[in-house]
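Using this note's numbering, you'd call the opening residue of the sequence shown number 31 and step up by one each time. Glycine included, every Cβ here is placed at the ideal spot set by N, Cα and C.
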Amino acid sequence: MGDLVREIMKILQDIVVMDENYIRKTLNREAYIERYLQDNKINYHTFEFYAPVPSFEKYYLYVDGENIPVLPDGLESGRINEPNLKDSSDLDYLYSHPNINFSSRADANAISTPNFYRTTALAVAKRDVPKILNAKDIDGYLRVKITDVKTKAFLLGNIEDPKRVGVIHYDALWTGAIDNSLSVASVLTLVKNGEINLKDNLILLVGFTEVTYYWPEYWDYSFRRVIEKFEFIPQKENIIVDSFGYRKTLVIDLRNKKPETFAEKVVYDSYRIFGDKIAQIAVTIDDLFPIYHSNIDTVDKVNIKELEVGIVSVSYTHLTLPTSDL
């Protein structure tokens with residue numbers, strides 16, 4: 031187990047960087063995966079398609095003349111001159127008013143973007159909220175350009191009739207160590223070391239899933255394109271590997287789980303396109319919130335004990351779930 035952990039952490043150190051350019055970050059990640067597969071002589075197939083992706087060209091926020099650190103999470107260009115504060119932790123991605131938002135459930139120093147809005151929106155850290163509430167002058171701006179970007183999905187293993195499919199999104203926002211670089215590093219390492227049976231199963235790595243200009247579910251454009259091409263996937267057992275290794279790592283059976291909160295519904299909606307036989311290896315959304323889609327989702331957040339739990343969950347009897355009858 032120790033050797034596997036070291037290999038995983040080495041990949042993580044290679045790929046986790048703070049980059050506010052989502053397109054560049056994703057394409058760099060795509061190139062890294064392909065080099066890794068080639069260097070380690072792992073057979074793979076690719077499926078190429080174009081995705082409409084927001085390029086955040088310019089953004090800033092001045093509050094009474096002070097430059098406040100922000101991240102963009104709006105999909106429309108425009109100005110913000112009013113203190114319309116929004117708590118983004120409710121994951122209400124349908125909220126359509128220009129806003130400055132913060133996640134009340136994030137770390138005070140985190141600039142978190144739990145979701146994106148089809149309007150002009152800027153995210154700030156919770157620590158800066160009092161400045162906005164007491165502001166006399168607000169000057170915010172966001173310029174967004176939508177670009178059709180050519181991207182690749184990687185398919186490893188049985189692409190004809192797999193017993194089950196492991197689904198991993200390889201793109202990440204801002205830093206993205208837990209969401210979802212650790213999953214990428216873990217699966218690549220397990221495949222390289224023969225811990226996943228590629229004869230019987232399929233590993234699917236997909237990019238540009240965090241945000242596209244596609245409404246209302248702006249996160250599932252790439253997933254939809256892949257499933258249109260490989261129509262058998264929703265008929266299989268699908269195991270989603272997304273955001274584990276931070277707090278308690280769980281195998282969440284999504285077949286029988288009824289979402290109890292709006293946040294849980296959003297998580298469920300993110301993957302319901304993969305059919306009814308579906309489970310997720312992850313932390314709960316409640317446990318993820320302190321660093322979710324933020325600039326502090328960094329390598330130091332990895333809990334080695336929980337990473338080891340995730341390794342066992344992913345590789346156990348070759349991607350089947352130890353406590354499930356999937």
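Residue 135 burial status per 10 Å Cβ neighbour count (16 or more: buried): Residue 135 is buried by the Cβ-count criterion.
For residue 239, the nearest candidate out of 152, 337 and 53 (CA to CA): The option with the nearest alpha carbon to residue 239 is 53.
Residue range of the unbroken beta strand (DSSP E) whose run includes residue 115: Bounds of the beta strand (DSSP E) holding residue 115 are 115-117.
Residue 249 burial status per 10 Å Cβ neighbour count (16 or more: buried): When all chains shown are included, residue 249 counts as buried.
Same chain only: Cβ atoms within 8 Å of residue 188, ignoring 5 sequence neighbours per side: Once the five neighbours on either side are set aside, the close Cβ partners of residue 188 are 228, 229, 230, 231 and 232.
Cutoff 6 Å; reference residue 145; Cβ partners in own chain excluding five residues on either side: Counting only Cβ-Cβ distances below 6 Å, and skipping sequence neighbours, we find 121 and 123.
CB of residue 149 within 8 Å of CB of residue 127, strictly: Contact: yes.
Check whether residue 153 and residue 191 have beta carbons under 8 Å apart: Result no, Cβ atoms of residue 153 and residue 191 do not sit closer than 8 Å.
Own chain residues within Cβ distance below 8 Å of residue 353, not counting five before or after: Annotation note: pLDDT 41 at residue 353 (below 50); position unreliable, coordinate value reported separately. Excluding sequence neighbours, residue 353 sits near 281.
Unbroken alpha helix (DSSP H) run spanning residue 33, endpoints: DSSP places residue 33 inside the alpha helix (DSSP H), whose first and last residues are 32-45.
C-alpha gap between residue 43 and residue 329, whole angstroms: The straight-line gap from Cα to Cα measures roughly 7 Å.
Backbone CA spacing between residue 76 and residue 261 [nearest angstrom]: Residue 76 and residue 261: Cα-Cα distance of roughly 16 Å.
Residues of its chain near residue 70, where Cβ-Cβ distance is below 7 Å and the 5 sequence neighbours each way are ignored: The answer, listed in chain order, is 222.
Beta-carbon gap between residue 162 and residue 113 smaller than 8 Å: Judged by beta-carbon spacing, residue 113 lies within the 8 Å limit of residue 162, meaning their Cβ atoms are closer than that value.
Boundaries of the alpha helix (DSSP H) in which residue 252 is found, first to last residue: In the DSSP assignment, residue 252 falls within the unbroken alpha helix (DSSP H) covering 251-259.
Cross-strand partners of residue 90 (DSSP beta bridge): Beta-bridge pairing links residue 90 to 171.
Strand pairing of residue 142, partner residues [DSSP]: In the DSSP secondary-structure assignment, residue 142 is bridged to 324.
Inter-residue Cα distance where the pair is residue 237 and residue 180: Taking the straight line joining both Cα atoms gives about 10 Å.
Straight-line gap, residue 165 to residue 159 (C-alpha atoms, nearest Å): Each residue's Cα considered, the two are about 10 Å apart.
Nearest-angstrom Cα separation, counted from residue 167 out to residue 255: Taking the straight line from one Cα to the other gives about 44 Å.
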